Each structure stands twice: as structure tokens, then as C-alpha cells.
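Note sheet for the following structure.
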Amino acid sequence: MTDGELEDAARLAGVPDEFQRLWTPHRMAYIAAGPEVLREQCPFCAAPEKSDADGLIVARGRTAYVLLNLFPYNSGHLLVCPYRHIATYDQASPEEVAEIGELTQIGMRVLREVAGCDGFNLGMNQGAVAGAGVDAHLHQHIVPRWATDANFFPIIAKTKALPQLLGEVRESVASAWPRA
Ligand SMILES: [Zn+2]
């Protein structure tokens, strides 16, 4: 075999069965890092310091910004965060509340346009007991939903099947985001 030539699968080891394989090598970085490593610094304070592509940011406002969730429930799962490191919604200033709401509405419109979703789950989990993964920095989830997105994967294998890589999703959402 020469470089660049595709190897014939029939000559490789293994016996085919009825299962499909979903290869998600990009997730290895997070699995290998483990949850503790990711907690060491606040990811929502760190993201705005990076470039949009590196921080998975789709839009930056005055007091709040929008980024992709690194651990999406669905393709296109967005988070709206204030820049300020505050833990709960009642700590947000009137301007932050208004802008989080405005960015959430725009995010829904953009996802409807680029992803053609049928519905949304919106929400803020506040406090670890309420399911917040990063409980020190407020964030609103925007989860796009499709009629066909629920399946047996999460139940039997603790696995979410995500058809698009994060970089591609960021590109399509960021380029459809209306510029002020
Ligand atoms: Zn923070």
C-alpha cells in the first residue's frame, strides 16, 4: 500500500456485525482531561479571552456573550453568559438581564434558520443541586430540539450522538448571527 491509498476494509481484522460505529475522536480530549481538570478555572470567564474560534463563541454583546456548549445535549446547544462571574440570575444587573434575554431570542432565531429545529428547551440550572455543571458562573441553555432527536443512545450507552463537529456548528451559527 502506498501513502494516500485507502486500505480495503475487507483486509483488516474483525468480523462485521449489525452495529453501526459512531467515531467521535474529538471528545477524547474531554474524557482524558476528566471533569476535575476542566473545573480548575472558570470556563465562562476564560472563553471571552480567547478568539471566537478557540472559545467556541458565536456572538459578543456588551454585558453578555453566546458560546457553544462543550458538552452539548444536541447539535447547536448554545449558552448565553454574562461576562461577570456571578452565580445566580438574581445577581444579574437589569442591563445583563435584558441582554441575556435579547441574545437568547436572537440565538433561537438563528438556530431555527441554520438548524431547522422544531422546538427549544431554555433554562438556567442554578446551584450544583439543580444540575449546574459550572455552578459559579450563570449561563442560560438554549437547546434546539427536533422531532427525531430522542433515541435509545443516552439510555443504554450514556452516549449522545452528535452529527456535527463543534467547529462546524460554530461557523454556521456565527455567520448567520445578525450583526448590530
Ligand atoms: Zn466565571
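In the numbering used here, the protein residues as written are 62 to 241. Using N, Cα and C, we set each Cβ at its ideal position, and we do this for glycine too. Everything numeric in this text was worked out from a predicted model, so none of it was measured.
- Comparing C-alpha distances from G137 to each of P143, L117, P77 shows the shortest one belongs to L117.
- Assigned with DSSP and collapsed to three states, G122 falls in coil, not helix or strand.
- Three or more Cβ pairs closer than 8 Å define a contact, and the segment 172-181 falls short of that threshold against the segment 140-154.
- Every unbroken stretch of the alpha helix (DSSP H) spanning 4 or more residues and falling wholly within the segment 152-178 is given here in chain order: 155-176.
- Here DSSP, grouped into helix, strand and coil, assigns P133 to coil.
- One residue list follows from the rule of a beta carbon closer than 5 Å to any heavy atom of ligand 1, given in chain order as C103, F105, C106, H146, H198.
- Residue pairing by DSSP puts P143 in a beta bridge opposite A125.
- In the displayed model, F181 falls within a strand according to three-state DSSP.
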